[in-house]
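J.: Here my numbering is used: the first residue of the sequence shown is 2, the next is one more, and so on.
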Amino acid sequence: MGQSSGSSTPNVANNALFQPAPTLGVVTEDDDEPPSSGFDQKSLQVNIEPTNSPNSIQPGGTVSDTMKGASFSRDKGINSLDEKSTPVTTDLFERNDTLVASDVQSRSYAESVRQGASRLRVLFNSQKELGPSPTYKRSIQETVRYTPLNILLLFIPVSWALHYTHQSPTLIFVFSCLAIIPLAALLGLGTEQIALRTSQSVGGLLNATLGNVIELIIAGVALKQCELELVQSSLLGGLLSNLLLVLGMAFIVGGSRFKQQEFQPMVAQLNSSLLMVSILSLIMPVAFHEYLQGRLTSANELSILLQFSRGSAVILIFIYFAYFYSHSHLFLDTPQTSHSVFHRQPASSVETLPLPNTASSSLLSSTTEHERPRLNVPFALFLLIAITALAFVTAENLVESLQGLVSAHPGVSKEWITLIVIPIVSNAAEHTTAVVMARKGKFDLAMSVAVGSCIQIALFVIPLLLLVAWGLGKPLTLLFDPLETVILFFSVLLVKYSTEGGKSHWMNGVGLIAAYILIALLFWNFPETHRLLQGQPIQCF
Numbered sequence: 002m003g004q005s006s007g008s009s010t011p012n013v014a015n016n017a018l019f020q021p022a023p024t025l026g027v028v029t030e031d032d033d034e035p036p037s038s039g040f041d042q043k044s045l046q047v048n049i050e051p052t053n054s055p056n057s058i059q060p061g062g063t064v065s066d067t068m069k070g071a072s073f074s075r076d077k078g079i080n081s082l083d084e085k086s087t088p089v090t091t092d093l094f095e096r097n098d099t100l101v102a103s104d105v106q107s108r109s110y111a112e113s114v115r116q117g118a119s120r121l122r123v124l125f126n127s128q129k130e131l132g133p134s135p136t137y138k139r140s141i142q143e144t145v146r147y148t149p150l151n152i153l154l155l156f157i158p159v160s161w162a163l164h165y166t167h168q169s170p171t172l173i174f175v176f177s178c179l180a181i182i183p184l185a186a187l188l189g190l191g192t193e194q195i196a197l198r199t200s201q202s203v204g205g206l207l208n209a210t211l212g213n214v215i216e217l218i219i220a221g222v223a224l225k226q227c228e229l230e231l232v233q234s235s236l237l238g239g240l241l242s243n244l245l246l247v248l249g250m251a252f253i254v255g256g257s258r259f260k261q262q263e264f265q266p267m268v269a270q271l272n273s274s275l276l277m278v279s280i281l282s283l284i285m286p287v288a289f290h291e292y293l294q295g296r297l298t299s300a301n302e303l304s305i306l307l308q309f310s311r312g313s314a315v316i317l318i319f320i321y322f323a324y325f326y327s328h329s330h331l332f333l334d335t336p337q338t339s340h341s342v343f344h345r346q347p348a349s350s351v352e353t354l355p356l357p358n359t360a361s362s363s364l365l366s367s368t369t370e371h372e373r374p375r376l377n378v379p380f381a382l383f384l385l386i387a388i389t390a391l392a393f394v395t396a397e398n399l400v401e402s403l404q405g406l407v408s409a410h411p412g413v414s415k416e417w418i419t420l421i422v423i424p425i426v427s428n429a430a431e432h433t434t435a436v437v438m439a440r441k442g443k444f445d446l447a448m449s450v451a452v453g454s455c456i457q458i459a460l461f462v463i464p465l466l467l468l469v470a471w472g473l474g475k476p477l478t479l480l481f482d483p484l485e486t487v488i489l490f491f492s493v494l495l496v497k498y499s500t501e502g503g504k505s506h507w508m509n510g511v512g513l514i515a516a517y518i519l520i521a522l523l524f525w526n527f528p529e530t531h532r533l534l535q536g537q538p539i540q541c542f
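(1) Please name the residue or residues paired with S414 in a DSSP beta bridge.
(2) Have a look at the DSSP bridge pairing and note the partners of Q194.
(3) Going by DSSP in three states, L153 sits in which element: helix, strand or coil?
(4) Can you check whether the CB of I458 is closer than 7 Å to the CB of G239?
(5) Give me whichever residues DSSP pairs with K504 in a beta bridge.
(6) Can you give me the start and stop residues for the alpha helix (DSSP H) that D445 sits inside?
(7) Need the endpoints of the alpha helix (DSSP H) that P476 sits in, please.
(8) Note down, in chain order, each residue of its chain lying with its Cβ closer than 6 Å to the Cβ of Y147, except the 5 sequence neighbours on either side.
(9) By how many angstroms is the C-alpha of L248 removed from the C-alpha of I284?
(10) Along the chain, where does the alpha helix (DSSP H) that runs through G239 open and close?
(11) Apply the 10 Å Cβ neighbour rule to I388 and answer buried if 16 or more other Cβ atoms are within range, or exposed otherwise.
(12) How big is the Cα-Cα spacing for Q540 and R373?
(13) Once the 5 residues before and after T192 are set aside, which same chain residues still bring their CB inside 8 Å of it?
(14) Check L533 in the structure and name its three-state DSSP category.
(15) Quick one: complete beta strand (DSSP E) runs, 3+ long, within the stretch 267-302?
(16) Report yes if the CB atom of I219 is closer than 7 Å to the CB atom of S427, and no otherwise.
(17) Could you tell me which residues DSSP pairs with L131 in its beta bridges?
(18) With a threshold of 6 Å on Cβ separation, who are the neighbours of Y165 within its own chain once the five nearest residues in sequence on each side are excluded?
(19) Taking the alpha carbon of L245 as the reference point, which residue from S492, G502, A429 has its own alpha carbon closest?
(20) If I measure Cβ to Cβ from I520 and keep anything under 7 Å in the same chain, skipping five residues before and after, which residues do I get?
(21) Under a three-way DSSP split, which group does L522 fall into?
(22) Beta carbon of L179: closer than 6 Å to some heavy atom of the ligand HEM?
(23) With distances taken from CA atoms, which of V511, I320, L376 is nearest G255?
(24) Taking three-plus beta-carbon pairs below 8 Å as touching, is the stretch 219-232 in contact with the stretch 432-450?
(25) Using the three-state DSSP reduction, which class does P528 fall into: helix, strand or coil?
(26) I need the straight-line Cα distance from P133 to K475, nearest angstrom please.
(27) How about the stretch 172-187 and the stretch 394-402: do they share at least three Cβ pairs that are nearer than 8 Å?
(28) Could you work out which residue in H506, L477, Q294, F393 is closest to R258 when comparing CA atoms only?
(29) By the three-class DSSP mapping on this structure, what secondary structure does I318 have?
(30) Let's see if you can read the secondary structure: which residues bound the alpha helix (DSSP H) around Y137?
(31) Can you give the Cα-Cα distance for K271 and L187, rounded to whole angstroms?
Here is the structure:
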């Protein structure tokens, strides 16, 4: 027994010594999680010393005892490290919060950039399904065949040759007027093709802004030469021609085909209200001038009028953009339909189907065909630039020849030319469009061309020229000729009464054209006048 017992003890010890000592090698934290034990994320090595450690296997011990000792040693080491690593833990948490906040901020910035780019793509991408873009050859053919008025382009080199060879001012004026007519039509084509490839808002803005470029060019050239009366008369004449002549012709032509013409009364009432606001901005300077006659010096009155005019210009432009923002669909071109807009539907369908939010009742029927562009984008841009350059040179020749024309023909009033002739010439293309649309039954579109053009001139073109004159140091004000201002006021009232019911008759057109003829007769022998402040003419600085 003694031997057996004595021999068994060394065997156990020997077997235990030959077995690999269990060690806790590396205790690491997950990289994705914050440290849970409070110490840094470096490896913790716990070495088990078989001879000196109190937890090593002694003779008579077991593996279980060894594991318990190692666990106790590890816990003891962790607890001792936890006390020493509290500042390190706080620093790690703060650094982690900083990294998380920085990551959230960078992600939000990237998301805002993506959203902004998406909005820009929406603005400059058409909502319509378009056909293939034409080639350059096809674009040139479409431009040449666009309108029969293109034959008048031949008068451009003729007018230039007459001007640079110092020929008769009458011939220069006549050929320059004829040359401007097709330029206005082609400018509308280029604008339409560019707007076709953009969203509704951008397309409406392009049509609204570039629709009166010819008037802007003529008035700008006159402003450059300090022909302030010419600037005011040509713009006011544009208002009268659109309100009375164009709208009256549309009433008559449409009434010759339809017994009664209908359009949206809400749009007509809104247009009348906006026109009354613009007329109010013209009446107030006249009333101020007449009331303070002889009470102020010329310089003081001019200073007050300039301040009022420039402030009014900012307000009118704000109203215009607010109107454009809320009614941008009124500035878009309307596709044609194959039937009359006055085709009556059953009463039940009229009550149940909502009226679409559009300026033209012709949109009551739509087409599924893709709209085919006439011009490709590079050619349309080139056309806009080229037409604008040609129109500028031609308008400059026209303005310079005006004084010679009046001198050569004393019986012709300069006021009649600037108030009647020049507006008709510069708006000939729009006049034709409005009449053709009325003939086809698209009377909402005809109204938007005629009255909408007046709103653009009154709320955008005139205020814009006032701000440009401010920058150039020209004393352009809203003090128009008192007689012209009164005539414009009653013309707006006449149009308001003719359109407020949402229906029109051809007799309304007769009344409008009769009023325009009366105005033309009045200014035929109208003497040349200058804007006077306290008996002194307004002069450029």
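Glycine residues also receive a C-beta, built at the ideal position from the N, C-alpha and C atoms.
Since the structure is predicted, the reported quantities are computational estimates derived from the model, not experimental observations.
T.: Working from what's here:
(1) DSSP output for S414 lists no bridge partner at all.
(2) Answer is none; Q194 lacks a bridge partner.
(3) helix
(4) yes
(5) E263
(6) 444-457
(7) Looking at the DSSP string, P476 is not in any alpha helix (DSSP H), and its letter there is neither H nor E.
(8) L190
(9) 24 Å
(10) 229-241
(11) buried
(12) 52 Å
(13) L207, N208, L211, G212, L385
(14) strand
(15) none
(16) yes
(17) E372
(18) none
(19) S492
(20) L241, I488
(21) helix
(22) As presented, the structure is devoid of all ligands, the ligand HEM included, so that no description of it is given.
(23) V511
(24) no
(25) coil
(26) 48 Å
(27) yes
(28) H506
(29) helix
(30) 137-145
(31) With the sequence shown as reference, residue 271 is identified as Leu, and Lys is not the correct amino acid for it. Each residue's Cα considered, the two are about 30 Å apart.
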